[in-house]
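Enquirer:
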Amino acid sequence: MTPVFGHGHLRLYLLNLLAEQPRHGYELIQALSDRFGGTYSPSAGTIYPRLAKLEEDGLVTKSTDGRKTVYEITDAGRAERDSRLPELSSIEDRVTDSVRMLADGLRAGVNDAMRSLRAELAAAARDTRDGADQSSAAASQSTAASQSTAASQSTAASQSADAVRTLNASTLREVDAQLNSFRAAVRTELRKRAAEGALDQAAVATLTSELRRIQSELKQSVRS
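Rendered as structure tokens:
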């Protein structure tokens, strides 16, 4: 998977943000999200190790403000940032492109899972219709063969109804299994993206919108 920031680029961008003003970790995360219009929001596990490295290299210092740790750029950090200013605009362009690719990949994964679910639902619906037709035909044949007694007719009808109920229950179990499989696939993808620091507010908003659309389509499919 392509990283959002290239090698050394997040380091430079953090220095640039701290050159504007001292900030604590959450403020840096929020500032990065704001700079990219909410399309990228790094995790704490991405930011704090880099801040620790910047401090180790003498490029930033940290101080405690109540329960918050505030980071401030040093003269050496400002000198590195100033020497690499031409890189900043190209970094923003590359990050925007990388985030767009991540969002597209997540959307594609959800769409693939949805297509598979639709196919399974369609197959289950066909099985239900075919089974109901077969049960109805069997009931008709049984009734025709046993018209001599009312008891035989009642037994055949009862068996037919039981067969349809059994088939419907089986279909519901199959649909439920497919829904659980779809949910598990989406959950796995989300956890993977979150672990990579690629699950930001924009991606969550996109996923929520897609899931609502999918829910609406499924309801229409069941009703039709």
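Count the sequence shown with numbering that gives the first Met the number 0 and you get residues 0 to 223, in order. We put the CB at the ideal spot given by N, CA and C, even for glycine. If you're wondering where the values come from, they're calculated on a predicted model, not measured in any experiment.
(1) Which of helix, strand or coil does DSSP assign to D33?
(2) Between the region 7-19 and the region 49-67, do at least 3 Cβ pairs fall closer than 8 Å?
(3) Got a sec? Which residues, its chain only, sit under 6 Å from A184 by beta carbon, not counting five neighbours each side?
(4) Spatial neighbours of I46 within its chain, please: CB distance less than 7 Å, with the 5 preceding and 5 following residues excluded, ordered by chain position.
(5) Give me the Cβ distance between R80 and A30, rounded to the nearest whole Å; I'm assuming they're in contact under 8 Å.
(6) Compute the Euclidean distance between the alpha carbons of S32 and R125, then round it to the nearest angstrom.
(7) For L87, which residues in the same chain have their Cβ closer than 8 Å to its Cβ, ignoring the five residues on either side in sequence?
(8) For I213, which residues of its own chain have a beta-carbon under 7 Å away from its beta-carbon, when the five flanking residues on both sides are left out?
(9) Near R22, which residues of its chain fall below 8 Å by C-beta distance, leaving aside the five closest residues on each side in sequence?
(10) Per DSSP, V59 is paired with what?
(11) Span of the alpha helix (DSSP H) holding H8?
(12) State the Cα-Cα distance for the pair R182 and E119, rounded to the nearest angstrom.
(13) Considering only their Cβ atoms, is the gap separating L58 from T73 smaller than 8 Å?
Expert: According to the structure shown:
(1) helix
(2) yes
(3) A112
(4) G24, L27 and I28
(5) 15 Å between Cβ atoms; not a contact.
(6) 47 Å
(7) L11, Y12 and N15
(8) M113
(9) L16, A30, V69 and Y70
(10) I72
(11) H8 to E19
(12) 14 Å
(13) yes
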